[in-house]
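Engineer: Numbering (this note's numbering), first residue to last: 983 to 1134.
The C-beta atom is built at its ideal place from N, Cα and C for all residues, glycine as well.
Bear in mind that the values here come from a model prediction, so they are computed numbers and not experimental data.
Got a structure for you, questions after.
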């Protein structure tokens, strides 16, 4: 959890009423929860894109929905307000990372330059990797911050 600077957090706490901050934090936690729940589907889509052979067309459709969901979560997180260097900004970046990772795997698996007659040997990818764990850890940090704000 050393990735975030806590300076903007302290400024935000002093600059806005605790109720406003608590509401924003609760909303952000809800977005993070949605992102965490989507991680297994994202990981499965990435794995299917990396397998040898031609992936089924439904992988692209499912992956497209996952990309759209993470992009929406990213947009909603940034709409809540993200000070540069804040935990909120980091969470928004992680949600965007999830969207772009799935999108990149789909583009690689369904490249328009790929010949259907060429053998596909697959490729390796570590899935969502460390950012997936970081998003889950961020949820814990956000909840601790929310509990602190509510305690007054």
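Work out the CA separation of residue 1035 and residue 990 for me, nearest whole Å.
Structural biologist: At residue 990, the pLDDT of 41 sits below 50, so the modelled position is not reliable; the number obtained from the coordinates is stated separately. Distance between the alpha carbons of residue 990 and residue 1035: 48 Å.
Engineer: Taking Cβ to Cβ, would you say residue 1055 is nearer than 7 Å to residue 1090?
Structural biologist: no
Engineer: Cutting at 6 Å between CB atoms, please list the residues of its own chain near residue 1085, excluding the five before and the five after it.
Structural biologist: 1049
Engineer: Are at least three pairs of beta-carbons, each pair with one atom in the region 1059-1071 and one in the region 1037-1046, less than 8 Å apart?
Structural biologist: Judged by Cβ distances under 8 Å, the region 1059-1071 makes no contact with the region 1037-1046, as fewer than three pairs qualify.
Engineer: Mind reading off the beta-carbon distance from residue 1072 to residue 1120? Whole number of angstroms is fine, and I expect it under 8 Å.
Structural biologist: 7 Å
Engineer: Residues in the same chain with beta-carbon distance under 8 Å from residue 1117, minus the five sequence neighbours each way, listed in chain order, please.
Structural biologist: 1014, 1017, 1018, 1021, 1073, 1076, 1077 and 1080
Engineer: To the nearest angstrom, report how far apart residue 1092 and residue 1113 are at their CA atoms.
Structural biologist: About 24 Å.
Engineer: Which whole runs of the beta strand (DSSP E) in the region 1052-1127 are 3 residues long or more, in chain order?
Structural biologist: none
Engineer: Starting from residue 1027, trace the alpha helix (DSSP H) in both directions and tell me its first and last residue.
Structural biologist: 1000-1032
Engineer: For residue 1143 versus residue 1132, is the C-beta distance shorter than 7 Å?
Structural biologist: Shown here, the chain extends from 983 to 1134; a query on residue 1143 therefore has no answer.
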